[in-house]
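Single-structure report; data block below.
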Amino acid sequence: MANAASGMAVHDDCKLKFMDLKAKRTFRFIIYKIEEKQKQVMVEKLGEPAETYDDFAACLPADECRYAVFDFDFMTAENVPKSRIFFIAWSPDTARVRSKMIYASSKDSISISTNEYQLLLSSKVLLSVKNQCDFRCAYSGYK
């Protein structure tokens, strides 16, 4: 179903791969891309479970927008291993204005399709994504 604001639909594979990440932990991350000609949000890249945050960060383009979900492992203050799934709206300053507008107006469609994440992050600086994840997991109610 297309988003009324942007006209972009979300491909069924987006939800299926997200459910695999969430339930089976078959992926560390998923990167989604809008295919403007097809008017759909599609899965662009699947990260293997052994891949790291740095591997994920290296897959995000410096000058193009993307959506992503990342399965973030961390230790609580009590030394208990935890995992949280973050939805990231990647919109670097160097991206085209049209692309930023399309991604911003389509964000609700993809986030509703993958609505079982714990935290939505909107970040323009790659390093801040990691810092926000660390901060949220360590100091907020996401323990």
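Residue numbers (full-length UniProt numbering): 1 to 143.
Note that the Cβ used here is the ideal one computed from N, Cα and C, for glycine as well.
_Closest Cα partner of C65 within the set Y53, F18, A104, F86_ = A104
_Those residues which DSSP pairs with L46 across a bridge_ = I30
*Sequence-distant residues of its chain with Cβ nearer than 7 Å to A95 (five each side left out)*: D63, E64, C65
*Select from M42, M75, F74 the residue whose C-alpha is nearest the C-alpha of C14.*
M42
*Can you give the Cα-Cα distance for F74 and S83, rounded to whole angstroms?*
6 Å
_Using CA atoms only, rank isn't needed, just tell me which of H11, V69, N79 is closest to K22._
V69
_Alpha-carbon to alpha-carbon, Q40 and G47_ = 21 Å
*asked:* Taking only three categories from DSSP, how would you classify V80?
replied: coil
_Closest by C-alpha distance to D71, when choosing among A89, R28, E44_ = R28
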